[in-house]
Amino acid sequence: MRAPLSESAIVIEQIAQEKLGNYYIGRRVYAPPLAIWGYVRSPRQSWRTAKLVILNEKYVFAPDRARNQVGSDSDSEYRLYGYFSGDQIYDASAGRFCPEFVLRRAELMSPNPVPIWPADFIRDRLMFAGWPRGGTQPMLP
Numbered sequence: 016m017r018a019p020l021s022e023s024a025i026v027i028e029q030i031a032q033e034k035l036g037n038y039y040i041g042r043r044v045y046a047p048p049l050a051i052w053g054y055v056r057s058p059r060q061s062w063r064t065a066k067l068v069i070l071n072e073k074y075v076f077a078p079d080r081a082r083n084q085v086g087s088d089s090d091s092e093y094r095l096y097g098y099f100s101g102d103q104i105y106d107a108s109a110g111r112f113c114p115e116f117v118l119r120r121a122e123l124m125s126p127n128p129v130p131i132w133p134a135d136f137i138r139d140r141l142m143f144a145g146w147p148r149g150g151t152q153p154m155l156p
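Under my numbering, residues 16 to 156 are what the sequence shown spells out, in order.
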């Protein structure tokens, strides 16, 4: 199962131009009351390979929380420095387990990037399509 995201020709070209490095690309998904932060993928990898994560903020707060404006950055794109802990964190509101991403630093790449999900994505909770409650995020084929 792939992440339920779509990529226009513009997004595919942007991904191809990314520099390889020790960082990740993140797209914020603000969907209260869910604890998820958003999608995270490696540079030059499709958004369809991205994981929906819960952020561990033990080193640094998420950008919106650091500004005391929770949710103000929904749909924004970031360069993220950190790592996947290997743990699965349960989001009780979503009823699902998500990978934990430990954030060390975040840099805003774009507050209004080219969309990778439809307008009803968050409202209709489409990020959970094909992902049963109580389960971990489906693996990619």
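Beta carbons: idealized from backbone N, C-alpha and C, even for Gly.
Because the structure is a prediction, the values reported are computed rather than measured.
Among the options, which residue has its Cα nearest to the Cα of residue i?
| i | options | result |
| --- | --- | --- |
| Gly110 | Val26, Pro48, Ile25 and Val75 | Pro48 |
| Phe116 | Ala46, Ile27 and Lys73 | Lys73 |
| Asn71 | Gln152, Val129 and Tyr96 | Tyr96 |
| Ala46 | Ser125, Gln152 and Leu141 | Leu141 |
| Gln32 | Arg94, Pro126, Lys66 and Arg59 | Arg59 |
| Trp62 | Gln84, Pro130 and Cys113 | Pro130 |
| Thr151 | Glu122, Ala121, Lys66 and Phe76 | Lys66 |
| Pro69 | Pro126, Ser57 and Trp52 | Note that residue 69 is Ile in the sequence shown, not Pro. That would be Trp52, whose Cα lies nearest to the Cα of Ile69. |
Using the rule of at least 16 other Cβ atoms within 10 Å of the residue's Cβ for burial, across every protein chain shown, is residue i buried or exposed?
| i | result |
| --- | --- |
| Glu28 | exposed |
| Pro78 | buried |
| Leu20 | buried |
| Arg43 | buried |
| Ile25 | exposed |
| Leu118 | buried |
| Gly36 | exposed |
Per DSSP, what kind of secondary structure is residue i in: helix, strand or coil?
| i | result |
| --- | --- |
| Val68 | strand |
| Ala144 | coil |
| Glu122 | strand |
| Arg59 | coil |
| Leu20 | coil |
| Gln103 | strand |
| Phe112 | strand |
Along the chain, where does the alpha helix (DSSP H) containing residue i start, and where does it finish?
| i | result |
| --- | --- |
| Arg80 | Pro78 to Ala81 |
| Ile27 | Ala24 to Gln32 |
Could you check where the beta strand (DSSP E) with residue i kicks off and where it finishes?
| i | result |
| --- | --- |
| Ile51 | Counting along the chain, Ile51 falls outside any beta strand (DSSP E), and DSSP gives it neither H nor E. |
ask   = Per the contact definition of three or more C-beta pairs closer than 8 Å, is the segment 96-108 in contact with the segment 126-138?
value = no
key: At least three beta-carbon pairs within less than 8 Å, the segment 141-149 to the segment 84-94   = no
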